[in-house]
Structures are given as structure tokens and as C-alpha cells.
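Colleague:
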Amino acid sequence: MISYFKGKIIEIIKNTNNRFFLIIEVNHIGYEVQICQRFSRQLSVQQDEIIQIFTHQQIQEDRHTLYGFSSLAERDLFRELISVSGIGSQLALALIDTLELSELVGAIVTSNINVLSKTPGVGKKTAERIALELKSKLAQWREIKGIKITTSTTSVVVKSEIIEDLEMTLLALGYTSIEIEQAITALSQDNQLLKNNNIEEWIRSAIAWLSGE
């Protein structure tokens, strides 16, 4: 089992299935490692620097796949997620991509189904199964790893119907779930906007934030 690579970034590739792959050169050998979109944004091909990436190797009959993570804790959490019945590697990667490590662990430990369900492909039943199977295990694991959990308060502060309408509109406009979550988190800090129940105003504000205006 390969625990980690330390080498030079050669290329970051996005394929037609919206999956991201890092080509990393180690001792003159190029390895293809699937990573999440969040991690890809942290990397730069231009810097020509040596990076360390923690890996999980999945061996199947027709192929071997490497998954890469920015930290050991993230890699270990991925392994915990794929141990859950019905959670494959792509869904586990999507969970890590959608939520920050501390927020994801916090959602599982506190059985926050609404937060877990923000991940594309994770419905209520799947979220409940993740929380049921990992809640106790991760409560102990986070103590060992020294991870401080955080919880999302956006759903409490902002009316759920506004969030739902906003998410559906932004998805229809082509924004990703990660971009939408980031926009909602940012807008929820605007006390003036929080007093406004006009969905059109929320949509305009979200698009402006996502456009960097």
C-alpha cells in the first residue's frame, strides 16, 4: 500500500465526468492520482515545487486507482467513509470536496443530516446511514487526531425555503454545489441581507459574490 507521494506537479486534468486528476512525478515516474476539486484549487503547476500528497490505493480487477489528499487526517476520513455500506469512493470524495474536514466530521458526530445532504448524491437515507455507522467511531477518532469540529449555522439563520430556492436557481445557472455552498456561507454573514426574505435579492447577491463583484 502506498501511503504518500512526494514529488513535482506535472499537470492537473479535469475529465468529461468532472473528475480531477493530478499527475505527479516521483523519481522520473508520473503517477495519476484522483483528487477533489477543492484540493486542485490549492495546487499550482506553475510553481514547480515539490509537494507531499497522501494516498489511498483502490485495487479492482480491471484497474488500480490512486486517490490523493492534502492531509493524513483527510485520507483517513476517506477510508472511514468508504467503510460505510453503500458509500463508494466517488461519493466519499464528493463529501470531502463539499464540506471542510472539521465541518464534515462535525456533521457526522452530531448527526446533522441537512449538512451531510448538501453533497450531490447524498440523500437523507444515505446521510442517516453515514451518521449511524460513523458517529461513535469518529467521536473517538477526532479526539485522537485533535480535530476541532465545526457546525454549520446557515440553515438556522436563513430560512430553509430561501436556501432551497437559491440552490436550485444557482444550480440551473451552472454553478457547482461547492461554489453555491461557499456563496451561501458568505452571504449568511451579511446581517442586512439576513433580514431580507426576497429571494430575488438573495439570487442577485449570490451571483454578484460568485462573480467577484
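Everything in the sequence shown is counted per UniProt numbering, starting at 1 for the first residue and increasing by one. Cβ atoms here follow ideal geometry from the backbone N, Cα and C, with glycine treated the same way. On a predicted model such as this, the values are computed, not experimentally measured, just so you know.
For a quick check, are the C-beta atoms of Q21 and I13 less than 9 Å apart?
Modeller: Checking the sequence shown, residue 21 turns out to be Phe, not Gln. Yes, the Cβ-Cβ distance between F21 and I13 is below 9 Å.
Colleague: Under three-state DSSP, which class holds K195?
Modeller: Coil, per DSSP.
Colleague: So, helix, strand or coil for residue 217, using DSSP?
Modeller: Residue numbering for the chain in the displayed model covers 1 to 213; residue 217 lies beyond these limits and cannot be assessed.
Colleague: Reducing DSSP to helix, strand and coil, say where S211 ends up.
Modeller: In this structure, S211 counts as coil in the three-state DSSP scheme.
Colleague: According to DSSP, is V26 helix, strand or coil?
Modeller: DSSP places V26 in strand when its eight states are reduced to three.
Colleague: How far does the beta strand (DSSP E) with T55 in it reach, from first residue to last?
Modeller: It spans I50 to I59 - the beta strand (DSSP E) in which T55 sits, taken as one unbroken run.
Colleague: Using only alpha-carbon positions, find the residue among I184, G174 and L81 that is nearest to A94.
Modeller: Ranking the options by Cα distance to A94, first place goes to L81.
Colleague: Where does E100 sit, in a helix, a strand or coil, going by DSSP?
Modeller: In the structure shown, E100 sits in coil (DSSP, three-state: anything other than H, G, I, E or B).
Colleague: Helix, strand or coil: which one does DSSP assign to T65?
Modeller: It is a strand residue.
Colleague: Measuring alpha carbon to alpha carbon, tell me which of Y67, L166 and A172 ends up nearest I199.
Modeller: I199 has its Cα closest to that of L166, out of Y67, L166 and A172.
Colleague: Suppose the cutoff is 6 Å on Cβ atoms and the five residues either side in sequence are ignored; what does the same chain contact list for I35 look like?
Modeller: F20, L22 and G68, listed in sequence order.
Colleague: Which of helix, strand or coil does DSSP assign to T154?
Modeller: With a pLDDT of only 44 at T154, under the threshold of 50, the placement of this residue in the model should not be trusted, and no figure is reported.
Colleague: Can you check which of these residues, M1, D97 and I29, is closest to T65 by C-alpha distance?
Modeller: For T65, the nearest C-alpha among the options comes from M1.
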